[in-house]
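S.K.: Using UniProt numbering, you'd call the opening residue of the sequence shown number 1 and step up by one each time.
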Amino acid sequence: AASGSIFEDGKEYQFMSETSVLVGTMDHAPHSSGFAYKHLTTMQVHGDTIKVKLSDVEFSQFNGKHEEGGNYPFDHTNFVATNRDIPPFQVSLDSHGLFKSLTVGPRLTLFQRNMIRGWAQKLQLNMDKIKDHGHGFSHEEQSIFGDCNTLYTVTDHKIVKSVSHTKDCKNRVHVLVDDWRGHLCHINPEHPENKENPNGLYSASNTVYVVDKKGDTFHPKAIIGSSSVVAQFYQEKGVSFIAHTKYSVGGYSSDIVVVGIPINDLKYEFEDKEYGWKSERDLKARETHLATGEFFEDDVSTLSKYVKTRIGDLYDIMHKMSAEKEVVAQAHTQGVNRVIPAMMAMDYNSLKVRNLEILYKKS
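1. Does DSSP put K158 in a helix, a strand or coil?
2. Would you mind reading off the limits of the beta strand (DSSP E) that contains M43?
3. So, is G225 buried or exposed, given that buried needs 16 or more other C-beta atoms within 10 angstroms?
4. How far does the beta strand (DSSP E) with S5 in it reach, from first residue to last?
5. Give the secondary structure of K320 by DSSP, where H, G and I count as helix, E and B as strand, and everything else as coil.
6. Return the first residue and the last residue of the beta strand (DSSP E) that Y13 is part of.
7. May I ask you to list the residues that DSSP assigns as paired with H139?
8. Which residue marks the beginning of the alpha helix (DSSP H) containing E326, and which one marks its end?
9. To which residues does DSSP link Q61 through a beta bridge?
10. What would DSSP say about S95, mapped onto helix, strand or coil?
11. Based on the DSSP secondary-structure assignment, which residues constitute the bridge partners of D298?
12. Report back the beta-carbon spacing between T41 and S60 to the nearest angstrom; my notes put them in contact at under 8 Å.
13. Are there 16 or more other CB atoms within 10 angstroms of the CB of I144, so buried, or fewer, so exposed?
14. Buried or exposed for K51, please, with buried defined as at least 16 other CB atoms from any protein chain shown within 10 angstroms of its CB.
15. Among the candidates I263, K158, K305 and E141, whose CA atom is the shortest distance from the CA of L351?
16. Distance check for Q14 and S253, CA to CA, integer angstroms please.
17. Using three-state DSSP, classify V353 as helix, strand or coil.
18. In angstroms with no decimal places, state the Cα-to-Cα distance between V230 and I159.
19. Flag this pair as yes or no: are the beta carbons of residue 366 and H39 separated by less than 8 Å?
20. Can you give me the C-alpha to C-alpha distance between G97 and Y348, rounded to a whole angstrom?
21. Out of G24, S20 and M321, point me to the one whose CA is closest to Y37's CA.
22. Is Q112 helix, strand or coil by DSSP?
23. Quick one, are the C-beta atoms of M26 and I242 less than 8 Å apart?
24. What separation, rounded to the nearest whole angstrom, lies between the Cα atoms of V300 and M346?
25. Rounded to whole angstroms, how far is the Cβ of S164 from the Cβ of A204, which I believe are closer than 8 Å?
26. Assuming I223 and K122 make a contact with CB atoms under 8 Å, what is their CB distance in whole Å?
27. Closest Cβ-Cβ distance between I116 and chain C: below 8 Å?
28. Would you grab the beta carbon distance between K246 and V173 for me? Rounded to a whole angstrom, and I think it's under 8 Å.
29. I need the DSSP call for K267, collapsed to helix, strand or coil.
30. How long is the line joining the alpha carbons of M343 and S33, rounded to whole angstroms?
31. Note the first and the last residue of the continuous alpha helix (DSSP H) segment covering I130.
32. Measure the C-alpha to C-alpha separation of G10 and T49 and round it to an integer number of angstroms.
33. Where do the ends of the alpha helix (DSSP H) carrying A342 lie?
34. Mind reading off the beta-carbon distance from L54 to D75? Whole number of angstroms is fine, and I expect it under 8 Å.
35. Cutting at 8 Å between CB atoms, please list the residues of its own chain near C169, excluding the five before and the five after it.
36. Going by alpha carbons, who is nearest to D313 out of R338, S138, H31 and L102?
Written out as structure tokens, the structure is:
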């Protein structure tokens, strides 16, 4: 094998590959929509570098109900040739078998670059620890989400990599949605970290290498994986949503030329660079992109006056609160949901002034 890699140096591998992405609901009558790609994957191994070519690409779509029995939706859809191959790319691994760098074609779209990042992520295996730590261990690795703690399970026929709850990954490329749309009403405010679930967001990722083990050497036969994100807001009674990806690479038994630009990490890349995290960003400034999806053109002074008025209205409503239908309806329309969006659009200093004003108000 190549130094630090499960793939044999100087050898060419060919796999039939399929990748799918589905997003939908899970309750009552599960429905989803998504797409899938099939293609021939050719890999040539040269030391610690792997040249990859994806060709004969076919595309399919699905939009509908999931029937009982759990059938894979793309077993019953038509795949159409795209007549476009993705330019070859090159993955470099370090001496442990983990991701080091990536070279991709300069004309690739952002979607294609992120897809290749996902591909490169699957090629890394910590072979040093696999050989030295028996049947299981954990290790922090790069991924499209950030740096994630990865659990390994090793047998003579399979190597399984798992990541649970990407919210725990370090250097995440995405911002976690706060409790604005998934608040736990029974949480202890004095110990908010003590909760039974991660704010209604659940995620898991698994990669399975099917292998033959001969002596101390693993020979890969197939790669199978899946990733899911499930959102279950409003506790047990709320509707749940799922985003799911699946891929399979099955092997069967001309040189690949890679020309392109270097990439030194696997983190997911967004279309608008301005949405990325900036260390010099003023965290007390007004937020321009809100998780609520609401936008305000008013200046902070106007918003602050509006919030003060609405808090006063809310105070009056709470003092005359009862089970009467009219009072409950007023609480729903004039309640906290009418105050919070404007509060979120204010900056730190104006919020602090309003907070102190209310906190120390005598009347």
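All C-beta atoms in this analysis are idealised placements derived from N, C-alpha and C, irrespective of residue type, glycine included.
M.R.: According to the structure shown:
1. strand
2. H31 to H46
3. buried
4. From DSSP, S5 is part of no beta strand (DSSP E); its letter is neither H nor E.
5. coil
6. E12 to T25
7. T150
8. K325 to Q334
9. F35
10. coil
11. Per DSSP, none; premise fails for D298.
12. The Cβ separation is near 17 Å, so there is no contact.
13. buried
14. buried
15. K305
16. Interpretation of S253 is limited by its pLDDT of 47, a score under 50 that renders its predicted location unreliable; the figure taken from the coordinates is listed afterwards. One C-alpha to the other measures close to 7 Å.
17. helix
18. 25 Å
19. In this structure the chain extends from 1 to 363, so residue 366 is not present and cannot be described.
20. 46 Å
21. S20
22. helix
23. yes
24. 6 Å
25. 5 Å
26. 6 Å
27. Of the chains in the structure shown, none is chain C; there is only one protein chain.
28. With 8 Å as the limit, K246 and V173 do not qualify as a contact, their Cβ atoms being about 22 Å apart.
29. coil
30. 35 Å
31. M127 to D132
32. 10 Å
33. I340 to M344
34. Going by Cβ atoms, the distance from L54 to D75 rounds to 22 Å, so no, they are not a contact pair.
35. S143, F145, G146, D147, C148, N149 and V163
36. R338
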